[in-house]
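Q: Residue numbers (the UniProt record's numbering): 1 to 310.
Structure provided below as structure tokens; questions to follow.
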Amino acid sequence: MSPENRAARRKLWIATGLCFAFFCVELVAGIWSGSLAILSDSFHLLSDIAGFGISLTALYLSSQPATDRHSFGFHRAEIIGAVVSTFLIWVLTAGLLYEAVNRLRDPQPIDGKIMFITAAIGVGGHGHDDEGATAATPLITNPAPKILNINVHSAAIHVIGDLLSSIGVLISAGIIWYDPTKTMVDPICTFIFSIFVVLTTVRLMSNSFSVLMEGTPAHIDPAAVLQDLRAVPGVTDVHDLHIWSMTVGQVALVAHAVTPTVGESFSADVYNEVLLKCREIVCVKYAIHHSTIQIDVGPDDHCNPRMCRR
Ligand SMILES: [Zn+2]
Ligand SMILES: [Zn+2]
Ligand SMILES: [Zn+2]
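Structure, rendered in structure tokens:
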């Protein structure tokens with residue numbers, strides 16, 4: 001394991017510990033004070049812990065070598081973890097929303113003082129994100145700088161969002177402490193949290209599904225790759241082009257490049273030249289380092305009836 005990986009892991013463990021401590025405090029305080037907003041924030045912390053857990057697992061698994069049977073390695077465990085934990089977070093959020101609607105209809109008494117103290121600790125204690133979020137947003141372990149930036153960006157949004165929501169709860173707690181009849185600000189906080197939770201997880205979910213569905217990563221235009229490969233001298237056609245991610249940031253490519261038949265102008269030199277040029281385009285221009293390119297000699301070569309009787 002590289003030193004950066006080890007440092008990231010240490011940070012993640014610290015962040016996980018801090019988050020878990022705050023989660024326990026907020027869970028107890030939320031139930032005790034009757035504040036749904038505090039309870040929502042505690043579940044938000046739980047989702048952060050899940051995110052850290054995924055990142056820790058991913059750091060561990062990505063350091064594991066591929067095996068004969070799992071020749072791609074274990075990177076997609078990260079994707080599965082992201083999908084499962086995001087789904088659980090959405091279920092929790094739906095439950096909180098349901099409860100918030102109930103509370104608007106039938107307000108429950110809230111202990112504003114306990115809520116205020118807990119929220120104040122929460123605002124002060126948001127070091128968990130400074131420490132962890134940049135290292136801990138799921139899918140950070142990929143090497144592609146473009147995607148890394150996206151995740152650092154969303155981690156920054158996360159930190160700001162966390163702080164703003166804590167301040168929101170603090171203000172609401174102050175209002176309820178001052179005037180205990182104004183309990184509706186509490187479920188309103190939960191509504192705002194829920195929107196924030198969905199906004200911050202929707203991209204993670206869609207990125208994860210894109211990987212699972214073997215989608216071409218957003219930063220690569222498959223039509224442009226096709227055009228560039230077809231423009232290679234000696235290539236008459238390109239088909240069976242597939243570009244996909246083994247995990248976020250690890251792109252693979254397969255393609256068939258068709259060259260003229262032996263009778264016309266084919267030779268081993270042409271074969272090698274075509275292959276070299278195609279690989280160069282894929283590797284240098286598109287930074288795809290895991291490519292498999294097959295040369296079909298003549299348009300009928302790739303499924304030759306003599307070789308392959310259908
Ligand atoms: Zn957070
Ligand atoms: Zn390369
Ligand atoms: Zn073919």
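Where is the CB? At the ideal position from N, CA and C, for every residue including glycine.
Remember, predicted model here, so these are calculated numbers, not experimental data.
State yes or no: is the C-beta of Ala29 within less than 8 Å of the C-beta of Phe116?
A: No, the pair does not count as a contact, with Cβ atoms beyond the cut-off.
Q: Quick one: what does DSSP say Asp186 is sitting in, helix, strand or coil?
A: Note: Asp186 maps to helix in three-state DSSP.
Q: Taking DSSP as the reference, what is the three-state secondary structure of Gln294?
A: In the structure shown, Gln294 sits in a strand (DSSP, three-state: E or B).
Q: Determine the closest residue to Phe191 out of Leu164, Lys182, Thr93, with distance taken between C-alpha atoms.
A: Minimum Cα distance to Phe191 is reached at Thr93.
Q: Look at the alpha carbon of Phe43 and the alpha carbon of Asp111, and state the distance between them as a whole number of angstroms.
A: So the alpha carbons of these two residues sit roughly 20 Å apart.
Q: Is it a yes or a no for the stretch 287–297 touching the stretch 249–260, going by three-plus beta-carbon pairs under 8 Å?
A: Verdict: yes, contact present.
Q: By DSSP, does Asp240 sit in helix, in strand, or in coil?
A: In this structure, Asp240 counts as strand in the three-state DSSP scheme.
Q: How would you write the range of the beta strand (DSSP E) that Gln227 sits in, first residue to last?
A: Counting along the chain, Gln227 falls outside any beta strand (DSSP E), though it belongs to the alpha helix (DSSP H) covering 222–230.
Q: Is it true that the CB of Leu61 sits closer than 8 Å to the CB of Glu78?
A: Yes, they are a contact pair.
Q: Counting only the same chain and skipping the five closest in sequence on each side, list residues whose C-beta sits under 6 Å from that of Gly73.
A: So the list reads Ala66, once near-sequence residues are dropped.
Q: What's the C-alpha gap between Thr200 and Phe22?
A: Rounded to whole angstroms, Thr200 to Phe22 spans 21 Å at the Cα level.
Q: Helix, strand or coil for Ser47, going by three-state DSSP, please let me know.
A: In the structure shown, Ser47 sits in a helix (DSSP, three-state: H, G or I).
Q: In terms of alpha-carbon separation, which member of Gly122, Met184, Ile195 lies closest to Asn102?
A: Answer by Cα proximity: Met184.
Q: How many angstroms separate the CA atom of Gly298 from the CA atom of Thr259?
A: Approximately 6 Å, taken between the alpha carbons.
Q: Buried or exposed: where does Leu81 fall if 16 or more other Cβ atoms within 10 Å of its Cβ makes it buried?
A: Strictly speaking, residue 81 in this sequence is Gly, with Leu absent from that position. Classification of Gly81: buried, given that the 10 Å Cβ count is 16 or more.
Q: How is Met246 classed by DSSP in three states: helix, strand or coil?
A: Strand, per DSSP.
Q: Is the closest heavy atom of ligand 3 to the C-beta of His242 under 7 Å?
A: No.
Q: Alpha carbon to alpha carbon, what distance is there between Lys277 and Pro233?
A: Going by the C-alpha atoms only, they are around 9 Å apart.
Q: Please state if the CB of Leu241 and the CB of Val225 are separated by a distance shorter than 8 Å.
A: Taking 8 Å as the Cβ cut-off, Val225 and Leu241 qualify as a contacting pair.
Q: Going by DSSP, which residues form a beta bridge with Thr201?
A: Partner(s): none; Thr201 has no beta bridge.
Q: Compare the beta carbon distance of Val197 and Ile89 with 8 Å and say whether it is the shorter of the two.
A: Yes. Within cutoff.
Q: Is the beta carbon of Gly122 less than 8 Å from the beta carbon of Asp41?
A: Yes, they are a contact pair.
Q: Could you check the C-alpha separation between Tyr98 and Ser71 for me, to the nearest Å?
A: Rounded to whole angstroms, Tyr98 to Ser71 spans 45 Å at the Cα level.
Q: Nearest-angstrom Cα distance between Arg230 and Leu163?
A: Roughly 52 Å between the two C-alpha positions.
Q: Excluding sequence positions up to five away, which residues of its chain have a Cβ less than 7 Å from the Cβ of residue 382?
A: Only positions 1 to 310 of the chain appear in the structure, and residue 382 is not among them; the question remains open.
Q: I'd like to know whether the C-beta atoms of Phe52 and Ala7 end up nearer to each other than 8 Å.
A: No, these two residues do not count as a Cβ contact at 8 Å.
Q: Can you tell which of Val83, Phe209, Pro3, Ala100 has the C-alpha that lies nearest to the C-alpha of Phe193?
A: The candidate whose alpha carbon is nearest that of Phe193 is Ala100.
Q: Mind pulling the alpha helix (DSSP H) runs of 4 or more residues that sit fully within the stretch 38–108?
A: Listed in chain order, they are 76–105.
Q: Can you list, in chain order, the residues of its chain whose CB lies under 7 Å from that of Val235, leaving out five sequence neighbours each side?
A: These residues qualify, in order along the chain: Leu229, Ala257, Val258, Thr259, Val274.
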